[in-house]
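Taking it in order: structure first as C-alpha cells, then the write-up.
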Amino acid sequence: EAAVTQSPRNKVAVTGGKVTLSCNQTNNHNNMYWYRQDTGHGLRLIHYSYGAGSTEKGDIPDGYKASRPSQENFSLILELATPSQTSVYFCASGDADGLGTQYFGPGTRLLVL
Amino acid sequence: GDSVTQTEGQVALSEEDFLTIHCNYSASGYPTLFWYVQYPGEGPQLLFRASRDKEKGSSRGFEATYDKGTTSFHLRKASVQESDSAVYYCALSSSSSFSKLVFGQGTSLSVVP
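Residue numbers (the working numbering), protein chains in the order written: chain A, 1 to 113; chain B, 1001 to 1113.
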C-alpha cells in the first residue's frame, strides 16, 4: 500500500488559472515537502511543513503557496499558473527516524499552456 | 552551505559491467548520507543510507561506504543489469538542518543488454 499519494497524476492548466496539487501520507510523519523536478536542475525544494498548520519556504517558493490542514495532507497551490511552472512535482514525507529520511510520492505532471 | 556533487551526469554500461558513481559532499559535522533511485515515471525511492564514518550502506547489490576523510559516498555495483537503468541521486541531511535533504544533480544510468 502506497504511503504517499498524490493527485492528480497529470494536469493541464491554462496560464493565469489556479492549480492545486494534493498530497496525502499515511506514514504519520510530521514533516512534508514539495519539490519540482526539471531536466538539468534535479530536485528543488519549494515548500515544506513541520506539522499541521505550519508551512515554510524552501529554496524556490516564488509563485507557490502551500497549505497543511492536517497531519496527513499537504497541498501546493499555484494561484496564477505560468508556463514556467510546467514541471513534475513530487511530495514527500519524513522525519520519523531522526536522520532526515524522506519518502516520495509518485509525482504529478503539470503542463501549463 | 551544504552541498553534494555527483561527478557523472550520464553513465552508459553493458550488462555485467562494474558501476561506480562518484558522490562528494560538503557539510559540517556528521551528516547522514543517502542514495536514492528513481525509475522512469516514479518518485525517488530510498536505496540506502549511512550516518557514521566507515559505515557501509547496501541494497539490491549496490553499496557505498561513508568516508569522512575524503567526504565521499561513492555508489558501486559489481555487475549491473538492464533493470538498473534509472536516475541515481546522492543526498545528505546535515546536523544543522536535519529536516531538509540536499540533493546532488543526479546521474542517469543506462544499461544495455
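No residue lacks a Cβ here, since even glycine has one placed at the ideal position from N, Cα and C. Given the structure is predicted, the values throughout are model-derived calculations rather than measurements.
Does the beta-carbon of residue i have 16 or more other beta-carbons within 10 angstroms, so that it is buried, or is it exposed?
i	result
histidine 41(A)	exposed
aspartate 95(A)	buried
proline 83(A)	exposed
lysine 1056(B)	exposed
proline 1031(B)	buried
glutamine 37(A)	buried
valine 1037(B)	buried
serine 1059(B)	exposed
alanine 1012(B)	exposed
Taking residue i as the reference, give the member of the options with the closest Cα.
i	options	result
arginine 1052(B)	Val1112(B), Ala1012(B), Leu1101(B) and Ser1095(B)	Ser1095(B)
cysteine 1023(B)	Phe1062(B), Pro1044(B), Ser1058(B) and Trp1035(B)	Trp1035(B)
tryptophan 34(A)	Val112(A), Thr5(A), Gly16(A) and Val12(A)	Thr5(A)
asparagine 31(A)	Lys11(A), Thr101(A), Asp38(A) and Leu113(A)	Thr101(A)
valine 12(A)	Val88(A), Phe104(A), Arg44(A) and Tyr64(A)	Val88(A)
glycine 1069(B)	Gly1029(B), Asp1084(B) and Phe1048(B)	Gly1029(B)
leucine 1047(B)	Phe1073(B), Val1112(B) and Thr1005(B)	Phe1073(B)
cysteine 91(A)	Ile77(A), Gly17(A), Leu99(A) and Thr39(A)	Ile77(A)
lysine 1054(B)	Gln1045(B), Thr1071(B) and Asp1084(B)	Thr1071(B)
serine 54(A)	Ser22(A), Lys18(A) and Ala66(A)	Ala66(A)
proline 1044(B)	Thr1007(B), Ala1086(B) and Ala1050(B)	Ala1086(B)
Please report the distance separating the alpha-carbon of residue i from that of residue j.
i	j	result
serine 1014(B)	serine 1110(B)	8 Å
serine 1108(B)	leucine 113(A)	29 Å
serine 1079(B)	asparagine 24(A)	37 Å
glycine 58(A)	tyrosine 1088(B)	22 Å
valine 1102(B)	glycine 1001(B)	10 Å
glycine 1009(B)	glutamine 1105(B)	8 Å
phenylalanine 74(A)	glutamate 1016(B)	42 Å
isoleucine 46(A)	tyrosine 1066(B)	29 Å
proline 1040(B)	glutamate 1063(B)	22 Å
lysine 1100(B)	asparagine 28(A)	17 Å
glutamine 85(A)	threonine 1005(B)	26 Å
glycine 63(A)	leucine 80(A)	8 Å
leucine 1033(B)	arginine 1076(B)	15 Å
glutamate 1082(B)	proline 69(A)	43 Å
tyrosine 1025(B)	cysteine 1090(B)	9 Å
Which two residues bound the contiguous beta strand (DSSP E) that contains residue i?
i	result
glutamine 71(A)	Where glutamine 71(A) is concerned, there is no enclosing beta strand (DSSP E), given that its DSSP letter is neither H nor E.
asparagine 27(A)	That residue, asparagine 27(A), is in no beta strand (DSSP E); it is neither H nor E in DSSP.
phenylalanine 90(A)	87-94
phenylalanine 1062(B)	1062-1065
arginine 109(A)	108-112
histidine 114(A)	There is simply no residue 114(A) to check, as chain A begins at 1 and stops at 113 in what is shown.
alanine 1091(B)	1086-1094
phenylalanine 1048(B)	1045-1050
valine 4(A)	4-7
valine 14(A)	Counting along the chain, valine 14(A) falls outside any beta strand (DSSP E), and DSSP gives it neither H nor E.
phenylalanine 1034(B)	1032-1038
glycine 1057(B)	1056-1059
serine 1079(B)	Unbroken run through serine 1079(B): none, as it is neither H nor E.
Among residues of its own chain, excluding the 5 on either side of residue i, which ones have a beta-carbon nearer than 7 Å to its beta-carbon?
i	result
proline 8(A)	Thr108
threonine 20(A)	Ser75 and Ile77
proline 1113(B)	Glu1015 and Glu1082
proline 61(A)	Ile46 and His47
Can you list, in chain order, the residues of its chain whose CB lies under 6 Å from that of residue i, leaving out five sequence neighbours each side?
i	result
threonine 26(A)	Ala3
glutamate 1050(B)	Looking at the sequence itself, residue 1050(B) is alanine, so the reference to glutamate does not match. The answer, listed in chain order, is Leu1033, Gly1057 and Tyr1066.
leucine 111(A)	Val12 and Thr86
serine 1003(B)	Ser1026
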